[in-house]
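Quick note on our numbering: the sequence shown kicks off at 1 and runs consecutively.
Structure, as structure tokens:
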Amino acid sequence: MKIVVPKEIVANERRVALIPDAAAALVKTGLDVLIESGAGEAAFFPDAAFEKVGAKVVADAATLYGQADVVLKVQRPALSEVDRMRENVVLVSFLQALTSPDLVERLVARRITSFGMEGIPRISRAQKMDALSSQANIAGYKAVLIAAESLAKFFPMLMTAAGTVFAARVLVIGAGVAGLQAIATARRLGAQVWGYDVRPVVKEQVESLGAKFLQFDLGVADAEDKGGYAKALSPEASRKQQEMLAEKTKDFDVVITTALVPGRPAPRLVTKETVAGMRPGSVIVDLAAEAGGNCELTEPDTIVVTHGVTIHGPTNLPASMPIHASQLYARNVTELLREFVKDGALALDFEDEIIRGSCVTHAGEVVSDAVKSTLAARKTA
């Protein structure tokens with residue numbers, strides 16, 4: 001069986017789906033690993049490093065795709081990449097299937113078995129495959145560094161001969177993986193940190209990192225879905241949340257937003273009026289920029305300055321740390337491979353929760369219930 005890794009074609013994507021160490025482990029199991037020339041260079045993994053561990057470097061993508069049994073990618077493929085794949089090939093990547101109906105339809109037409117890394121279920125056995133978490137950790141860490149660089153203040157408290165400099169006040173909105181990492185990183189840099197999440201159950205996690213927890217009464221009984229993600233709020237609860245956050249954010253030097261609802265636009269948490277009420281010199285880093293932003297004034301991959309507040313809207317922070325991002329992602333995908341490649345052959349067991357949860361298309365059909373519903377809604381709209 002041939003496992004192939006093409007070069008990522010999305011602008012500014014520096015990650016690679018497999019690193020030499022991971023490729024070596026697959027080669028030892030008897031699998032053939034083929035890497036497109038230059039696929040790892042942006043992540044500082046040269047062709048020679050792959051060849052040294054027994055992988056084969058292929059000069060161009062067309063030849064690579066023509067030999068593939070399994071394709072490993074980071075970013076969802078362009079339609080042109082899907083068209084290069086052979087029928088019945090297996091594709092593993094982030095697919096963003098809930099918001100990519102055209103891609104899903106093309107995968108079905110090409111009879112490609114596709115696995116979306118964002119669909120890995122949140123169960124103990126699947127933690128080592130959880131690419132969303134591994135990459136969100138990086139995003140949360142890097143968001144704080146961006147904020148610290150932009151803020152015209154120190155993060156830590158300093159006792160100097162010229163007097164005391166008080167620590168920066170940081171609010172992290174959303175206490176998922178990215179948010180918790182942002183809280184931990186801001187604490188390491190010496191800031192005073194608060195965390196907020198619509199799910200009261202995460203209070204203990206926030207406080208365990210040395211931060212304080214903001215808690216509002218939104219009149220919501222159950223704010224968490226079965227996957228552990230925050231549910232979308234009602235319009236009334238959303239309005240109340242905006243008002244309460246507006247009252248609090250004016251007290252902070254840095255606001256980092258990480259709130260996302262899978263398959264939906266990012267919840268609007270910080271309005272333009274809220275930004276206008278913040279102190280000049282404050283910084284917002286919006287990690288939901290790609291999904292529309294938690295801040296009303298966020299522009300993807302752009303730095304906006306308004307009312308003296310600097311707003312960052314990065315869309316792919318893991319790609320800015322490609323060595324570790326690729327290392328972690330490679331571990332995730334190879335662990336998933338072990339679930340459905342047995343003795344060098346494909347062995348799909350749709351009774352298995354991991355296979356069933358992450359598989360989007362198979363044998364010319366959509367097999368994901370969530371994606372089926374999305375496609376059906378699109379056709380009736």
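Using N, Cα and C, we set each Cβ at its ideal position, and we do this for glycine too.
Just so you know, these numbers come straight off a predicted model, no measurement behind them.
Classification of residue i by the beta-carbon crowding that lies within 10 angstroms, buried from 16 upward
i: M117; result: buried
i: I303; result: exposed
i: D197; result: buried
i: T380; result: exposed
i: Q67; result: exposed
i: K142; result: buried
i: E422; result: The chain is shown from 1 up to 381; residue 422 falls before or after that span and cannot be answered.
i: P156; result: exposed
i: K81; result: Sequence inspection shows Glu at residue 81; the Lys mentioned does not correspond to that position. Under this definition E81 is a buried residue.
i: V341; result: buried
i: D83; result: exposed
i: I9; result: exposed
i: D301; result: exposed
i: I183; result: buried
i: A288; result: buried
i: T185; result: buried
i: A211; result: buried
i: D130; result: buried
i: F252; result: buried
Under 8 Å between C-beta atoms of residue i and residue j
i: L72; j: R106; result: no
i: E296; j: V270; result: yes
i: M278; j: V305; result: no
i: R15; j: A325; result: yes
i: P280; j: H307; result: yes
i: G179; j: G190; result: no
i: K128; j: R356; result: no
i: I354; j: E365; result: no
i: Y65; j: P6; result: yes
i: L209; j: R187; result: yes
i: K52; j: L34; result: no
i: E290; j: T315; result: yes
i: G38; j: F50; result: no
i: P267; j: N294; result: yes
i: L151; j: A168; result: yes
i: D69; j: K2; result: yes
i: G54; j: A24; result: yes
i: P389; j: G292; result: Summary: the structure shown does not reach residue 389, with the chain confined to residues 1 through 381, and so no result is reported for it.
i: I323; j: F94; result: no
i: F154; j: V172; result: no
Proximal residues to residue i (C-beta, below 7 Å), its chain only, five neighbours per side dropped
i: A147; result: V254, I256, V283 and V285
i: M159; result: none
i: V104; result: A97, V360, T361, V366, V371 and L375
i: E335; result: K128 and M129
i: S320; result: K142
i: A126; result: I120 and I354
i: V206; result: A175, I183, G195 and F213
Supposed contact pair residue j and residue i - C-beta distance, whole angstroms, cut 8 Å
i: Q96; j: E13; result: Incorrect: roughly 14 Å between the Cβ atoms, too far for contact.
i: G174; j: T258; result: 4 Å
i: C359; j: T29; result: Contact doesn't hold; Cβ gap of about 22 Å is too wide.
i: A370; j: L98; result: 6 Å
i: V193; j: V170; result: 5 Å
i: L233; j: L214; result: Not a contact, Cβ separation roughly 16 Å.
i: V27; j: L346; result: With 8 Å as the limit, V27 and L346 do not qualify as a contact, their Cβ atoms being about 18 Å apart.
i: P101; j: R378; result: 5 Å
i: A246; j: E273; result: 7 Å
i: Q181; j: F216; result: That belief does not hold up - the Cβ atoms of Q181 and F216 are roughly 23 Å apart, past 8 Å.
i: Y329; j: A42; result: So it is not a contact: roughly 14 Å between Cβ atoms.
Proximity test, residue i beta-carbon vs the ligand ATP heavy atom, cut-off 7 Å
i: K379; result: Absent from the structure shown: the ligand ATP. Ligands present: none.
DSSP bridge partner residues for residue i (one or two, in chain order)
i: Q192; result: R169
i: V74; result: The partner list for V74 (beta bridge, DSSP) is empty, contrary to what the question assumes.
i: S114; result: L91 and T361
i: M159; result: T164
i: H312; result: V285 and I303
i: E36; result: V58
i: F154; result: DSSP output for F154 lists no bridge partner at all.
i: I256; result: V172 and V285
i: V5; result: I35
i: L103; result: Bridge partners of L103: none, in fact.
i: A11; result: A11 pairs with nothing; no bridge assigned.
Cβ shell of residue i (< 6 Å), same chain only, five flanking positions each side left out
i: S368; result: V360
i: V92; result: L72, F115 and V333
i: H362; result: T113
i: A61; result: P6 and E36
i: A276; result: H307
Cβ-based neighbour list, residue i, same chain, cut-off 8 Å, excluding 5 preceding and 5 following
i: V177; result: L132, S133, A136, N137 and G140
i: P121; result: G227, E353, I354, G357 and S358
i: V58; result: V4, L34, I35, E36, S37, L64 and Q67
i: G344; result: M1, T29, G30 and L31
i: L348; result: T113, F340, I355, C359 and H362
i: V108; result: T361, G364, E365 and V366
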